[in-house]
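*Asks:* I'd like to ask some things about the structure below.
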Amino acid sequence: MDSFYQFAALISAATWATSGAFLKTMNFKKYFTFPFYEGVISLFIVGFIILILQEWQPIINENISNIFFFTIASTVSCIGTVFYVISIKQNPIGITFTICAVSTILMSLFLDLLLNGVKYNLWVFIGALIVLMSIFVINFESFKDHKNKSLFGITGGIVAGSMWGIAVFFNDRALIESGILTGAIIRAIITIFLLGIFSQIINQKIEGTKDKKEITKIIIAGSLITFSSLLWFLSLNTISGSLTSIFGNTAPVFAIIVGFFFLNEKIDKFEILGIIFAFLGIATIVIGKG
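Per this note's numbering, the sequence shown runs over residues 309 to 598.
What follows is the structure in structure tokens.
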């Protein structure tokens, strides 16, 4: 059954990668704008799911400690998302995905080992290293192009990935006793609340738009991130935080595959090599866990 939840993390990576392509083309100048709208979209989608499934009662009666852990995770994740937007606006999308993915995986592994006492065999670590290597190989050409890199954007990617890794730890703790929808609805509420307040305090007012194309991009990207988060929670609820991070941060791989089959994009030799490494790493982890 673990394989199914690992697959959920891989689908999460694919939807996240697709959302990044939409985000890259948006015209917002304020970094809080899209994360705020994504929070609103997430609140509507998750609220609708809860209403249909009639799951309000468990959320209302939720344990205070679980709400506390989810709140910390949501706050840290919200900060990470703002830095992710900063990074993706400053750097090529491949570089942003690479830096965020590596930072999230390393932070998750570190916290799992240090605080959760999770111990993996040698094959799992080898698989993780192969996945990390694949992400760098895929974006080798992007890193060679010094003109397209911003130190501010790279720092933003490192902070974003590290924040998400910390959020994984607290979400993992809360999901021991709580449910996926509780975590998702708290994440949406905290995102709206924090960005709504701080947008007024630090001159990052939420931008509006009447452009139908921009509105469509916001709705699609926000919906993709929402479903990506739900799949992430589903995976995290069953397997460890670090493994969810490893599988969930293969977004660059799926972005290339989707582009090749559906958008007629070319794949260079480094990307082919990176894809091979990525699936080899994933297979090594699955076999190592088995």
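Think of the CB as a built atom: it goes at the ideal place given N, C-alpha and C, for glycine as much as any other residue.
Taking 7 Å as the cut-off, decide whether the C-beta atoms of R481 and F377 are in contact.
*Replies:* For the purposes of this step, residue 481 is identified with residue 173 of the sequence shown, where counting begins at 1. For the purposes of this step, residue 377 is identified with residue 69 of the sequence shown, where counting begins at 1. It is a contact, given that the beta carbons lie within the stated cut-off.
*Asks:* What did DSSP end up calling G435 once you bin it into helix, strand or coil?
*Replies:* For the purposes of this step, residue 435 is taken as the residue at position 127 of the sequence shown. In the structure shown, G435 sits in a helix (DSSP, three-state: H, G or I).
*Asks:* What number of angstroms, rounded off, separates the C-alpha of I380 from the C-alpha of F478?
*Replies:* Taking the first residue of the sequence shown as position 1, residue 380 is located at position 72. Taking the first residue of the sequence shown as position 1, residue 478 is located at position 170. Those two C-alpha atoms are separated by around 7 Å.
*Asks:* Over what stretch of residues does the alpha helix (DSSP H) that includes K397 continue unbroken?
*Replies:* As a position in the sequence shown, residue 397 is number 89, starting the count at 1. Unbroken alpha helix (DSSP H) run through K397: I372 to Q398.
*Asks:* Decide if W540 is buried, meaning its Cβ has at least 16 other Cβ atoms within 10 Å, or exposed.
*Replies:* As a position in the sequence shown, residue 540 is number 232, starting the count at 1. With 16 or more Cβ atoms within 10 Å of its Cβ, W540 is classed as buried.
*Asks:* What residue range is occupied by the uninterrupted alpha helix (DSSP H) comprising T558?
*Replies:* Taking the sequence shown and counting its residues from 1, the one referred to as residue 558 is at position 250. Per DSSP, T558 belongs to no alpha helix (DSSP H) and is neither H nor E.
*Asks:* So, for F336: in the same chain, excluding its five sequence neighbours on each side, which residues have a beta-carbon less than 7 Å away from its beta-carbon?
*Replies:* Translated into the one-based positions of the sequence shown, residue 336 becomes position 28. So the list reads F342 and E515, once near-sequence residues are dropped.
*Asks:* Using DSSP with H/G/I as helix, E/B as strand and the rest coil, what is S486?
*Replies:* As a working note, residue 486 is residue 178 in the sequence shown. Coil.
*Asks:* Measure the Cβ-Cβ separation of S382 and L532 and say whether it is below 7 Å.
*Replies:* Here residue 382 corresponds to residue number 74 of the sequence shown, with the count starting at 1. Here residue 532 corresponds to residue number 224 of the sequence shown, with the count starting at 1. Result no, Cβ atoms of S382 and L532 do not sit closer than 7 Å.
*Asks:* When the Cβ atoms of the stretch 462–471 are set against those of the stretch 388–397, are three or more pairs found closer than 8 Å?
*Replies:* Enough Cβ pairs lie closer than 8 Å, so yes.
*Asks:* How far does the alpha helix (DSSP H) with Y345 in it extend, from its first residue to its last?
*Replies:* Taking the sequence shown and counting its residues from 1, one reaches residue 345 at position 37. Here the alpha helix (DSSP H) through Y345 covers T341 to L361.
*Asks:* Could you round the C-beta distance between S320 and T534 to whole angstroms and report it? I think they count as a contact, below 8 Å.
*Replies:* By 1-based counting over the sequence shown, the position of residue 320 is 12. By 1-based counting over the sequence shown, the position of residue 534 is 226. Not quite, the Cβ-Cβ distance comes to about 11 Å (not below 8 Å), so this is no contact.
*Asks:* Helix, strand or coil, according to DSSP, for M334 in the structure here?
*Replies:* Here residue 334 refers to the residue found at position 26 when the sequence shown is read from its first residue. It is coil, neither helix nor strand.
*Asks:* Note down the Cα distance separating S434 from I407, rounded to an integer number of angstroms.
*Replies:* Counting from 1 along the sequence shown, the entry for residue 434 is found at position 126. Counting from 1 along the sequence shown, the entry for residue 407 is found at position 99. Here residue 434 turns out to be Ile, not Ser, going by the sequence shown. Those two C-alpha atoms are separated by around 20 Å.
*Asks:* What is the rounded straight-line gap between the Cα of S442 and the Cα of S553?
*Replies:* Within the sequence shown, the letter at position 134 stands for residue 442. Within the sequence shown, the letter at position 245 stands for residue 553. Going from the Cα of S442 to the Cα of S553 covers about 15 Å.
*Asks:* Please report the residue range of the alpha helix (DSSP H) in which Q365 lies.
*Replies:* Position 57 of the sequence shown, counted from the start, is the residue given in the question as residue 365. Segment W364 to I368, the alpha helix (DSSP H) holding Q365.
*Asks:* Under the three-state reduction of DSSP, which class applies to N545: helix, strand or coil?
*Replies:* The sequence position of residue 545 within the sequence shown is 237, counting from 1. It is coil, neither helix nor strand.
*Asks:* Measuring CB to CB, does G582 end up less than 7 Å from I438?
*Replies:* Working through the sequence shown from its first residue, we reach residue 582 at position 274. Working through the sequence shown from its first residue, we reach residue 438 at position 130. Cβ atoms of G582 and I438: not closer than 7 Å.
*Asks:* With a threshold of 6 Å on Cβ separation, who are the neighbours of M415 within its own chain once the five nearest residues in sequence on each side are excluded?
*Replies:* Along the sequence shown, one-based indexing puts residue 415 at 107. Cβ neighbours of M415 beyond the five flanking positions: S470 and G473.
*Asks:* Once DSSP output is grouped into helix, strand and coil, what is the label at V426?
*Replies:* The residue labelled residue 426 in the question sits at position 118 within the sequence shown. Three-state result, V426: coil.
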